[in-house]
Every structure is written in structure tokens, then in C-alpha cells.
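Same order as they appear, the protein sequences are chains A and B. So the first sequence is numbered by my numbering: it starts at 93 and just counts up by one. So the second sequence is numbered by my numbering: it starts at 93 and just counts up by one.
Number of protein chains: 2
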Amino acid sequence: MRTSIATVSLGGSLTEKLTAASRAGFDGVEIFENDLLASPLTPEEIRTRCADLGLRIDLYQPMRDIEAVPQDEFARNLRRARRKFELMRRLGADTVLVCSSVSPLAVDDDALAAAQLARLADLAQDFGIRVAYEALAWGRHVHTYDHAWRVVEAAGHPALGTCLDSFHILSRGTDPRGIEDIPGEKIFFLQLADAPLLAMDVLQWSRHYRCFPGQGGFDVAGLVGHVLRTGYDGPLSLEVFNDVFRQAEAAPTAVDARRSLLVLQEALGAAAPPAPAVPTGVAFAELVTPDTEPVDALLAALGFARTARHRGKPVDLWQQGEARILVNTGPAVRRGDTQLAAVGLRSPDPVAAADRAEALLAPVLPRRRSPHDAPLDAVAAPDGTELFFCGSGRWRADFAPLAHAPAATDVRHIDHLALTQPWHQFDEAALFHRSVLGLDAQESVDVADPYGLLRSRALSNADGSVRIVLTVGPAPTHGTGGAQHIALATDDVTAAARRFRAAGGRLLPVPANYYDDLAARHDLPEEELRTYRELGILYDRDAYGVFRHCYTQTVGRIFFELVQRDDGYRGYGAPNAPVRLAAQHALRAVTGG
Amino acid sequence: MRTSIATVSLGGSLTEKLTAASRAGFDGVEIFENDLLASPLTPEEIRTRCADLGLRIDLYQPMRDIEAVPQDEFARNLRRARRKFELMRRLGADTVLVCSSVSPLAVDDDALAAAQLARLADLAQDFGIRVAYEALAWGRHVHTYDHAWRVVEAAGHPALGTCLDSFHILSRGTDPRGIEDIPGEKIFFLQLADAPLLAMDVLQWSRHYRCFPGQGGFDVAGLVGHVLRTGYDGPLSLEVFNDVFRQAEAAPTAVDARRSLLVLQEALGAAAPPAPAVPTGVAFAELVTPDTEPVDALLAALGFARTARHRGKPVDLWQQGEARILVNTGPAVRRGDTQLAAVGLRSPDPVAAADRAEALLAPVLPRRRSPHDAPLDAVAAPDGTELFFCGSGRWRADFAPLAHAPAATDVRHIDHLALTQPWHQFDEAALFHRSVLGLDAQESVDVADPYGLLRSRALSNADGSVRIVLTVGPAPTHGTGGAQHIALATDDVTAAARRFRAAGGRLLPVPANYYDDLAARHDLPEEELRTYRELGILYDRDAYGVFRHCYTQTVGRIFFELVQRDDGYRGYGAPNAPVRLAAQHALRAVTGG
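Encoded structure:
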């Protein structure tokens with residue numbers, strides 16, 4: 093099955109777009125007219141460039157408001173069409189998209205529409221071109237796919253077929269099953285886009301908020317299934333208008349796009365990458381730091397013990413219960429602040445996990461090998477975090493045990509990792525973690541920070557032993573853009589917090605007003621409230637259970653959270669996030685950090 | 093008439109918000125509960141802070157889903173309310189907002205709602221507090237202001253009144269005239285917000301896209317007129333949820349907010365700043381530059397002559413027709429690139445214009461005086477551009493004529509100035525230019541740049557002799573953020589372009605594909621097309637006339653446009669902007685500029 097992408101889905105100049113599409117493995121492109129008009133390349137040069145890049149030009153869309161118009165207007169349209177067909181011949185494109193008219197001149201007359209489209213198809217045929225007629229969701233008279241097909245059928249012209257677009261069909265809630273009534277050879281083209289389920293004007297929705305299949309709320313795969321059952325054998329082509337993608341670099345967006353089609357094809361049984369080997373736990377989190385002192389002090393106060401040292405690299409293993417933190421000061425670490433650089437995921441089948449990641453276009457990292465290293469399969473997530481797939485703990489053989497035993501433990505394991513994403517890659521990151529790792533995603537939630545809204549989305553495996561929370565700030569320059577945190581699970585957050593403080597750790601102070609409100613909202617014993625107040629423990633409750641949590645100070649980009657998750661509580665304390673964020677801002681304002 | 097603002101309308105910490113509100117001249121604030129919860133200040137400290145800042149706490153809104161619920165639920169609500177009333181006593185706030193319930197537990201029973209609200213008002217009265225009940229547009233059973241008023245009336249309690257909110261009323265298209273049937277003393281509060289006219293889910297619309305009165309599409313002033321006719325004498329209070337304002341600095345947003353209320357009060361006859369002295373032309377545009385050479389070369393090639401030099405400062409006057417450009421290399425110029433720093437507006441009454449600007453909170457600049465200087469009244473626009481109000485040309489007395497006569501002229505005058513705005517201040521800038529200068533605004537348009545969408549909005553006086561186009565990039569970091577341009581009006585763009593080229597000027601090259609498309613869309617003579625192609629002249633047509641324009645290379649942040657506006661064409665060539673932007677990007681990629 094061939095894959096294609098419309099140039100409007102990517103940011104940059106036409107040549108940047110074409111290069112990105114080719115490198116991501118697309119077979120073809122739809123050239124959006126504005127991209128051609130703005131390009132200094134001639135049509136012949138564009139044709140050659142595409143050929144060099146292994147891209148077919150599957151579609152060109154220069155025609156608007158063609159049909160069901162008065163004769164003199166139609167004559168002008170035909171004149172314009174001839175010019176465009178000449179251009180397409182130079183370009184080597186053989187299919188032209190014609191969207192249903194939105195012109196105020198258009199009349200509600202299917203017979204006239206059919207006759208004029210047939211006349212256009214006559215002209216197209218002279219140039220070896222096929223006309224694909226598509227119902228825009230906001231077309232003046234024709235706005236459903238079945239109506240467009242009736243017009244095409246009435247025209248009965250061999251060079252006239254229909255184009256289906258998942259957005260235009262699913263945004264109107266039209267039942268896609270009727271697609272199977274269209275003969276496959278009359279479906280000349282298939283455009284795919286997903287979108288978040290917003291209740292808004294369909295034109296605005298379409299022009300600004302489309303996304304790649306699997307990133308929104310539509311059943312795009314279901315629709316494609318109907319199309320394939322007609323015998324359609326043209327490309328699956330992405331046409332996505334998205335304000336954020338327009339600003340992003342073309343190369344990663346193209347990879348994200350192609351991954352979305354691979355996942356779609358897998359869902360349809362049309363592609364078979366290795367099945368997901370869903371991770372079964374977090375083996376370790378690796379911090380890189382230019383200065384271990386503050387990180388070591390923080391880990392020690394949290395009750396971690398330095399239990400082992402890497403045999404060949406400046407990496408220490410800190411452990412408490414099943415929570416393991418690597419602290420890396422090697423020269424290969426990225427410049428700058430202390431940050432989370434890698435996550436080790438316990439995998440039932442590391443090789444299969446890495447194979448699936450590679451099949452889904454995740455950048456595979458060179459295996460870390462040294463005379464002492466166990467080979468570890470690793471890929472890079474969209475934010476650059478390295479994900480290691482770890483088998484039965486063999487990776488620990490690389491570490492030489494130190495005298496220290498693991499500390500007596502308040503912390504059981506890593507509850508979740510919260511990672512701020514680059515602004516342009518939030519949707520990509522969610523799709524990546526779902527498709528590559530096989531995690532399930534919750535809905536996005538908005539969280540108020542004093543300096544703008546954040547969006548946050550949690551992903552986890554079935555038993556909650558792997559939980560990753562993706563966060564994105566309100567704009568690329570947002571001040572708190574880089575924060576990351578590691579949440580540590582404990583059975584008794586009060587004890588853990590007290591021990592941390594006794595060991596010299598500093599907990600994030602929480603305003604007294606928060607506790608007055610807690611008292612008003614929940615019937616908590618005075619004693620309990622007093623403890624929370626004293627330590628800065630936050631409280632949340634959902635339909636399942638109760639969540640108590642508190643935060644450490646921040647080192648570089650990293651802070652820790654101690655969490656007690658009782659009775660099957662499913663969330664992450666999101667209602668408390670505004671208070672936490674404000675407290676962190678306040679602290680930074682004081683410390684100048 | 094007192095003015096107030098909800099803390100949620102501003103970005104930052106609670107103390108930053110309070111300080112900004114006070115400095116902008118507000119009389120009071122509504123304290124949004126989350127801002128209080130996240131503040132390290134106690135309620136008593138907040139009370140003192142507000143008093144020190146001259147702010148009354150006009151409203152507190154901690155109550156949700158109070159009324160028309162089962163008795164045990166209501167008992168819990170009353171318990172919570174008591175805690176909140178205790179808090180309000182500490183805060184010194186005497187009015188509490190209660191929004192109509194959205195709870196799934198709420199039943200459709202006005203009598204029950206009235207009885208429970210009366211019971212709540214009983215409790216409030218014990219604390220000296222008044223309850224203001226408001227219909228949320230998405231309330232479960234009560235979602236119109238008249239319905240909320242019927243419930244209040246039925247309750248018949250002296251401590252229970254209604255709160256009106258312009259967003260909730262106007263977003264549902266409810267007729268606001270019925271407001272006059274409510275006795276003024278039972279309207280306990282009035283919240284104001286405007287919003288762009290979007291067809292979207294009202295809750296999303298409300299939470300993300302509200303703006304200050306005069307920045308959206310609602311007739312907020314009309315609504316306030318109805319409210320005032322009831323005898324309402326409480327504050328006009330702004331409650332605006334806006335994703336962009338949340339990220340902006342609180343201080344300028346607060347000034348913008350207060351200006352919007354001043355303009356609203358003026359429209360209602362409740363305030364009388366000096367009437368607008370609408371500018372009647374552009375006297376000059378002033379560029380600052382660290383290096384005059386490239387600017388001088390560009391101006392000379394455009395046909396400008398250096399006709400005068402300032403008697404006391406390193407400022408040259410370049411002139412052609414009625415177009416005057418000042419080139420300033422003084423030490424007081426801002427650092428960095430060549431840019432437009434000031435605009436001289438011909439004013440029928442400079443003193444009145446400056447007085448109005450000051451009354452509408454524009455920063456008034458110190459008059460530039462030196463032994464030689466004519467006093468000029470000037471204010472700063474939101475983007476920092478200095479606007480000078482110039483009388484009958486007296487300012488030119490500061491300049492000593494040079495030998496050069498004004499050049500024989502292709503350029504008549506300055507057609508328009510296009511200024512990129514700081515990302516957070518686009519709405520503020522439009523309101524500023526409308527209200528302070530008295531210009532009329534066109535609708536915003538979206539323009540596709542290769543690296544993201546731009547928004548653009550034009551303002552002008554009645555005869556088009558002053559035209560300012562405000563533009564904003566897709567995100568704060570956007571690469572082309574800083575571009576500015578000066579469009580020069582000519583009667584013959586072809587001649588002007590040729591002369592420019594002959595004088596060594598470089599015109600922005602326009603792709604050949606653009607002209608192929610132009611030929612397809614318009615029936616232009618071959619000869620004319622050939623000329624456009626050769627020179628890089630772009631073409632547009634609207635319902636009134638024809639526009640032909642071309643662009644120079646860029647120096648610093650500045651480039652020039654030559655425009656020929658025929659037969660009353662009203663636009664600015666927006667359909668050609670994507671081609672121009674792509675060509676500018678391509679040139680930068682080549683020159684590395």
C-alpha cells in the first residue's frame with residue numbers, strides 16, 4: 093500500500109518538505125498549490141527533484157469553485173483549468189483534486205454540476221489527467237461523500253472519479269459504511285486526517301486543528317477499512333492542516349506522519365511490524381549531571397543508597413526498594429543542567445521491543461558496548477530521552493556492587509516519570525509512546541500555571557507499573573519548559589517525608605490557604621490535616637481511591653515527588669498541580685534559581 | 093463608576109496581579125480562588141496588601157454546584173460555605189459569587205434552588221456577606237440571566253441577588269433588553285468580557301478565548317447600558333479567561349484592560365476623555381540605525397533625496413513627494429538592528445490628541461526639546477513605537493534645508509506602515525490604535541508563512557491617508573517576528589520599480605510559478621504580465637479596484653514596498669503575502685541574513 097503526504101502538512105519551503113517526506117519513507121506527495129507558487133523551482137525542476145527523491149506526485153490541487161456555476165463563469169473556469177493542466181503536464185502529475193464549490197454563484201443543481209464536471213473531465217483526459225471530485229464538509233450544496241459520488245456517477249465520465257477525505261466525512265458525523273457502495277475504481281484518491289473531538293465551526297476546525305491518524309478522536313482506521321473493501325488501490329495520503337505542525341521542523345513531523353500511517357496499516361492488518369512487547373516496569377531512570385553533589389545529597393536524603401558503580405564508566409547506581417537511579421557524570425553527557433537522559437524499561441522481550449521501535453521509525457541508538465557492557469537495545473523518544481529495553485536484569489552485571497546495602501526503605505519503586513516535551517512535539521510524543529511502547533493514553537488535561545496553561549497527558553501499561561506523563565507548556569519560550577520529575581511510590585508518604593526532612597532534605601512549601609480549602613472540601617481528621625500542613629503534603633481523591641504526595645526542591649531540571657497511591661487511585665494529582673507550580677515559581681523568585 | 097478586575101484575567105502570582113491592577117488604576121479586584129490557594133500570603137495579609145494598593149476586594153468566587161441538589165449534598169455544601177465565609181471575613185470580602193450548578197446531581201426544580209439559595213443567604217448574612225447568583229451559559233438547568241433572576245426573585249432574600257456576566261448572556265445570543273426588568277438593587281455584581289465571534293463549544297470558548305471589551309465581537313457597551321438603566325451602581329468588573337493573557341506580563345495587560353473599560357465608559361457617556369483628533373496623514377516615519385550606509389543607499393535608489401538635517405541631532409530628513417523618512421543615528425537610539433522607531437502623524441489638534449492618549453493610559457513620552465526643537469507631543473504604542481502628533485509642519489523648522497531639492501518623484505506619500513507586534517499584545521495593539529488614535533479596524537486575516545501562520549489586522553482613517561497594519565507571528569519565538577515595512581504609494585509602480593532597479597536597488601524576486609498562476613486567474617495582457625515577471629510585481633484585485641506592488645530587499649528589520657492602488661482598492665495584497673514571505677525566507681537562506 094503506497095503512502096503519500098500533502099506538502100501543506102509540513103513546515104518550511106517546498107524543497108525542505110519534499111526532502112523530509114522522502115527521508116521519512118513516503119512514496120509520494122500531494123503538492124499544495126501555494127507551495128508551488130512560492131517555490132523558485134520550475135515545475136520541471138520540481139518533477140526532477142521528486143523523481144530524485146523517489147517521490148511520485150500523486151495529486152495536485154489548484155481548482156476551486158468549478159462546478160454548478162453560470163455558463164460564462166464556467167467558461168472562465170475551463171480556461172483556468174487548461175492552464176493548470178498544462179502545468180500538471182510539466183509537473184508530471186496525473187490526478188487533480190476538485191473540491192465541491194463554496195462559491196455564492198453555485199446553484200443547487202446536481203445535473204448541472206455533473207455536466208460541467210464531465211466537460212472538465214473531457215479536457216483533463218486530453219492531458220492524460222484524472223479529476224477527483226471531493227465533498228468539502230462546508231461545500232455550498234455538496235457536502236457529503238455520498239452526494240459527491242451521486243454527482244460523479246451521474247456524470248458517467250471515465251476521467252472523473254471521487255476523492256474521499258476522512259476529515260470531511262467524520263467531522264460531519266456521516267456514516268462511512270456507505271463508502272462500500274462506491275466502486276473502488278471510481279475512488280480516485282483517499283486523503284486522511286484525524287482531529288481532536290472539538291465542538292467548533294467545521295471550517296476553523298479543519299484549517300487549524302487537524303492531526304495525524306491516531307492523534308485525534310476519529311476512527312480513521314475504520315473508515316479506511318471501508319475504503320479498502322471497495323477495492324481501492326491508490327495511496328493513503330495525509331492532508332493535515334495544523335497550526336503547530338506548520339511551525340515545526342519538517343523532518344520530525346514527516347517521521348511522525350509516516351509512523352501514524354504505519355500504525356494505521358497495522359490496525360488494518362495491512363502491515364505487520366513486530367507486535368508490541370509492552371514494558372512491565374521501570375528498571376532505572378538515568379540522570380546526567382555536571383556536578384553529582386546536589387543530586388547525591390538529594391538521593392541520600394530520600395533514602396537511596398549508592399549500591400553499585402559501573403565497571404567502565406563514571407555512573408553510580410542508587411537504589412531503594414525497586415527504585416533505581418543512575419547518576420552519570422561521563423564526558424558523553426549532554427551539556428548543561430542536571431536532567432533525566434534515559435529510562436530503562438523492563439521488557440519481556442528486549443529484541444522484539446527494539447525491532448518494533450525500529451519498524452515504527454524510532455531512531456535506534458548505537459548499542460552501548462564496552463568490554464564490560466551488556467548489550468542494551470535503545471531508541472530515542474521524540475524529546476531525546478533514551479529508552480533502554482532491559483531484559484532480566486542482566487544490565488546490572490555491568491555494575492560492581494559497593495559495600496552499601498540498599499537502605500531500609502520507604503520508597504518501593506518509581507511510580508511515574510513526568511517529562512516536559514518540546515512544544516511542537518506533544519502529539520507526536522503521545523503517539524510514539526502508545527504505538528512504539530504499547531502504552532495506553534489517558535485524555536489530555538489543562539493545568540493552570542501562574543504564567544500560562546500547561547497541557548498534560550498520562551500513558552501507562554495495564555497494571556500501572558509503567559507510567560509516563562507528558563507535559564507541554566503554553567508556548568515555545570515558556571519559562572518552566574524544561575522541568576522533569578521522578579515520582580517515587582511509597583506506602584506511607586508521611587513517614588517518607590519526615591525521614592527526608594530529618595536527613596536534611598527540603599520539601600516544597602505549600603501555602604496554608606491550600607489546607608484551609610482542603611478542610612472545607614473534605615472531612616479529614618484535624619490531626620491528619622496538621623501533618624499535611626506541616627510537611628507540605630497534597631491530597632486528592634478520585635472515584636477509586638486517594639492520592640497523597642509531596643515534592644522535593646529542584647536540582648537543574650529535576651525534582652522528585654513522593655506519592656502514596658491508595659485503593660486504586662488512577663490519577664496524578666492534577667487538581668493540585670496549579671498550587672505546586674505556583675509554589676515552585678515562588679521559590680525560584682526567592683532563590684533566583 | 094468603580095472598575096474592578098478578576099485576578100484570573102492577569103498572568104503571574106497573586107501579588108504581581110494585585111500590583112498590576114492597582115498601577116493600572118483599578119478600584120477593586122475579584123479574587124479567583126485558585127490564586128488565593130496558591131498564594132503564600134494569609135487572607136489577612138492579602139487584605140492588607142489590597143488596602144495598601146487602594147484595591148477593594150469586590151468579589152470572591154469559591155462556590156460551585158451549590159443549589160437544587162439532594163439534602164445531604166446541600167448539607168455538605170453549607171458546611172463548605174461556612175468555611176468559605178469565615179475565610180471571606182478574614183479577607184474582608186463581602187460578596188460571594190455562586191454560579192448556577194453544572195452538577196449531575198442537580199435537579200430541574202426552581203423552588204428547591206430558590207429555597208437552598210435562601211438558606212445559603214441566611215448563613216451569608218450572619219457573616220455580613222451577600223450572595224450573587226449567576227447563570228453559567230452551560231449551567232445544567234439554569235443558563236439564562238432571566239432564569240437566574242426568577243430563582244433569586246422566588247427566594248426573596250435580602251442577602252441574595254443576581255450577578256450578570258456579559259459573556260454568559262451574549263455568547264448564547266440572549267436578548268439583553270430584559271435586564272431592565274430586574275431591579276438595580278438586586279443586581280449585586282456585573283462581570284464583563286468580550287469574545288471573538290467563534291462558532292465553538294461555549295465552555296471552551298469561554299475558558300480560552302475571552303478578551304477585553306472592544307477586542308471581540310460582542311456589544312458589551314449595549315449590555316452595560318441596559319444594566320445601568322436599572323440603577324445598578326456596583327463596579328464594572330472584568331473577568332476574562334484568555335490563554336494568551338495568562339502568559340503575558342501582568343502590568344501591560346492590566347493597562348490594556350483598564351483602557352478597554354475607559355473606552356466602554358466613553359461609549360456609554362459615563363466618561364469623557366478628550367474626543368479623538370483623528371490623524372489626517374503620515375508626516376514622517378523615523379528609522380533608527382547603527383549604520384546609515386545601507387539605509388541611505390536604499391532610500392536614494394527609491395528616489396528619495398536628503399533634503400534637510402536636524403539642527404541639533406544626527407537625524408537626516410529624506411523626502412520624495414509627501415513621503416518623509418527620518419534616519420536617526422543618535423546615541424539615544426535603541427540598540428540593535430535598523431528599525432522603525434517612530435511615526436509622525438499629522439494631527440488636526442496635537443495637544444488634544446496627546447491629551448486623549450494620556451487619558452486612555454498611553455505612556456506619554458517626555459517631549460523632545462532641545463534649544464532647536466519644536467515641542468512635539470508623543471506617546472508610545474504597545475510595541476514601543478513612538479507616535480508623534482504633528483501640527484502644521486512646524487516640526488520641520490528643526491531641520492536645516494540642504495542643497496538637494498526633493499527628487500523628481502515616483503513616490504507620492506506613505507501608503508501604509510506594517511508593524512510586527514509582540515506576540516502577547518496583538519489584541520491590545522488593535523484596541524490602542526482604534527481608541528487612542530480613532531482609527532477604524534478591519535477584520536483580522538490569517539496569512540500562511542512557510543514556517544507558520546501569521547495574523548494581520550489593518551487600521552485606517554476614513555480617507556485612507558493613515559493606514560497601519562498590525563501583524564503577529566504564530567508564536568513568540570517565530571523567526572520573522574521582527575519584520576516591519578513601509579509601503580510607498582506611487583501612481584506607476586512599473587516606472588518606480590524600474591527607476592529603483594536602474595539606481596542599483598534590488599527588488600525581491602518573485603517565482604515564475606506565481607505569474608503562471610496569475611495568467612490562469614486573470615485575463616491580463618501578455619505585455620503587462622511580462623513586465624510584472626521581469627520586475628517582481630505582484631497583483632491583486634478586490635471588489636473595488638486593483639493593487640500592484642513590489643518589495644525591496646531588507647535592511648535590519650526594515651524593507652520597503654512600492655504600491656499602486658487603483659480605483660479604490662481597499663486591501664493590502666494579503667493573498668500575495670505567502671509568496672512574498674516565502675521569497676524573503678528563500679533570500680535569507682541564500683544570503684545567510
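Glycine included, each C-beta is placed from N, C-alpha and C at the ideal position.
**Report entry** Selection from Asp-475/A, Arg-148/A and Leu-212/A that minimises the alpha carbon distance to Asp-348/A
**Finding:** Asp-475/A
Query raised in the report: Relative to chain B, which residues along the segment 535 to 550 of chain A have a C-beta separation below 9 angstroms, given in chain order?
Result: Asp-538, Ala-540, Asp-541, Pro-542, Tyr-543, Gly-544 and Leu-545
Query raised in the report: Using CA coordinates, which residue listed in Tyr-152/B, Ser-195/B, Leu-204/B and Ala-160/B is at the minimum distance from Arg-181/B?
Result: Tyr-152/B
Query - Below-8 angstroms beta-carbon distance, Gly-57/B vs any chain A residue - result: Within the shown structure, residues of chain B are numbered from 93 to 685, placing residue 57/B beyond reach of any answer.
Query - Of the listed residues Gly-395/B, His-239/B and Leu-531/B, nearest to Asp-555/B (C-alpha basis) - result: Leu-531/B
Query - Exposure of Thr-572/A, with buried meaning 16 or more beta-carbon neighbours within 10 Å - result: Its pLDDT being 41, under 50, Thr-572/A is placed unreliably in this model, and the value from its coordinates should be taken loosely. It is buried - the Cβ of Thr-572/A has at least 16 other Cβ atoms within 10 Å.
Report task. Compare the C-beta of Gly-104/B with all C-beta atoms of chain A and state if any pair is closer than 8 angstroms. Result -> yes
Report task. Flag Leu-110/A as yes if its beta-carbon sits less than 8 angstroms from any beta-carbon of chain B, otherwise no. Result -> no
Query raised in the report: So with Cβ pairs under 8 angstroms, would you call Leu-129/A a contact of chain B?
Result: yes
Query raised in the report: Measuring CA to CA, which of Leu-106/A, His-496/A, Leu-320/A and His-577/A is closest to Leu-137/A?
Result: Note on residue identity: the sequence assigns Glu, not Leu, to residue 137/A. Out of Leu-106/A, His-496/A, Leu-320/A and His-577/A, Leu-106/A has the C-alpha closest to the C-alpha of Glu-137/A.
Query raised in the report: Near Gly-446/B, which residues of its chain fall below 8 angstroms by C-beta distance, leaving aside the five closest residues on each side in sequence?
Result: It is worth fixing the name first, because residue 446/B is Ala in this sequence and not Gly. Excluding residues within five positions, the ones whose Cβ falls inside 8 angstroms are Val-456, Asp-469, Ala-470, Val-471 and Phe-481.
Requested in this report: Enumerate in chain order the residues of its own chain whose CB-to-CB distance from Ala-393/B is below 7 angstroms, with the five nearest sequence positions on each side excluded.
Outcome: Phe-592, Ala-595, Gly-596 and Gly-597
Query raised in the report: Do you know offhand how far Ala-143/B's Cα is from Arg-590/A's?
Result: 39 angstroms
Report task. Taking only beta-carbon positions, decide if Asn-126/B is within less than 8 angstroms of chain A. Result -> yes
Report task. Please go through the same chain and pick out, in chain order, the residues whose beta-carbon is closer than 7 angstroms to the beta-carbon of Leu-110/B, but skip the five residues on each side of it. Result -> Val-121, Arg-141, Cys-142, Leu-145 and Leu-147
Query raised in the report: Does the beta carbon of Pro-670/A come closer than 8 angstroms to any beta carbon on chain B?
Result: yes
Requested in this report: Check the DSSP bridge columns for Val-436/B and list the partner residues they point to.
Outcome: Contrary to the premise, residue 436/B reads as Gly rather than Val in this sequence. For Gly-436/B, which the question treats as bridged, DSSP gives the partners Phe-376/B and Phe-480/B.
Report task. Starting from the beta carbon of Gln-283/B, find every residue of chain A whose beta carbon is closer than 7 angstroms, and list them in chain order. Result -> Residues of chain A passing the Cβ test: none, with the nearest at roughly 19 angstroms.
Query - Distance between His-516/A and His-570/A (C-alpha atoms, nearest Å) - result: Only weak support exists for where His-570/A lies, its pLDDT of 45 falling under 50; the value from the coordinates is given anyway. If I take the Cα positions, the gap works out to 13 angstroms.
Requested in this report: Return helix, strand or coil for Ala-203/A, following the three-state DSSP convention.
Outcome: helix
Report task. In the DSSP assignment, find the unbroken alpha helix (DSSP H) run with Leu-523/A in it and report its ends. Result -> 518 to 527
Query raised in the report: Under the three-state reduction of DSSP, which class applies to Pro-196/B: helix, strand or coil?
Result: coil
Requested in this report: Identify the continuous beta strand (DSSP E) that holds Phe-259/B and give its terminal residues.
Outcome: Note, Phe-259/B: premise wrong, no beta strand (DSSP E); alpha helix (DSSP H) at 258 to 262.
Query raised in the report: So, does the CB of Pro-132/A fall closer than 8 angstroms to a CB anywhere in chain B?
Result: yes
**Report entry** Nearest-angstrom Cα separation, counted from Pro-442/B out to Glu-341/B
**Finding:** 31 angstroms
Requested in this report: Look at the Cβ atom of Leu-599/A, then the Cβ atom of Leu-627/A, and state whether they are nearer than 8 angstroms.
Outcome: yes
**Report entry** Candidates Ala-550/B, Pro-305/B and Ile-97/B, of which the one nearest Ala-82/B by Cα
**Finding:** This structure cannot speak to residue 82/B, because chain B is shown only from 93 to 685.
**Report entry** Nonlocal neighbours in the same chain, by C-beta distance under 7 angstroms from Asp-632/A, ignoring five residues either side
**Finding:** Phe-639, Gly-663, Gly-665, Pro-667 and Asn-668
Query raised in the report: Going by the beta-carbon positions, is the gap between Arg-403/B and Leu-409/B smaller than 8 angstroms?
Result: no
Report task. Quick one: give me the first and last residue of the alpha helix (DSSP H) that Gln-307/A is part of. Result -> Gln-307/A -> no alpha helix (DSSP H), and no H or E assigned at all.
Query raised in the report: Is there contact here, the segment 534 to 545 of chain A with the segment 606 to 623 of chain A, by at least three beta-carbon pairs under 8 angstroms?
Result: no
Query - Nearest to Thr-689/A (by Cα), restricted to the options Gln-163/A, Arg-657/A, Val-380/A and Ala-454/A - result: Since the first residue of chain A shown is 93 and the last is 685, residue 689/A is not available in this structure.
Query raised in the report: According to DSSP, which residues form a beta bridge with Ile-279/A?
Result: Thr-254/A
Query - Nearest to Ala-251/B (by Cα), restricted to the options Glu-178/B, Ala-434/B and Lys-278/B - result: Lys-278/B
Query raised in the report: Quick one, which residues of the segment 151 to 169 of chain B are near chain A if we go by CB-CB under 9 angstroms, in chain order?
Result: Pro-154 and Arg-168
Report task. Within its chain, find whatever has a CB closer than 8 angstroms to the CB of Val-585/A; leave out the 5 residues flanking it on each side and keep chain order. Result -> Ile-629, Arg-640, His-641, Cys-642, Leu-654, Val-655 and Gln-656
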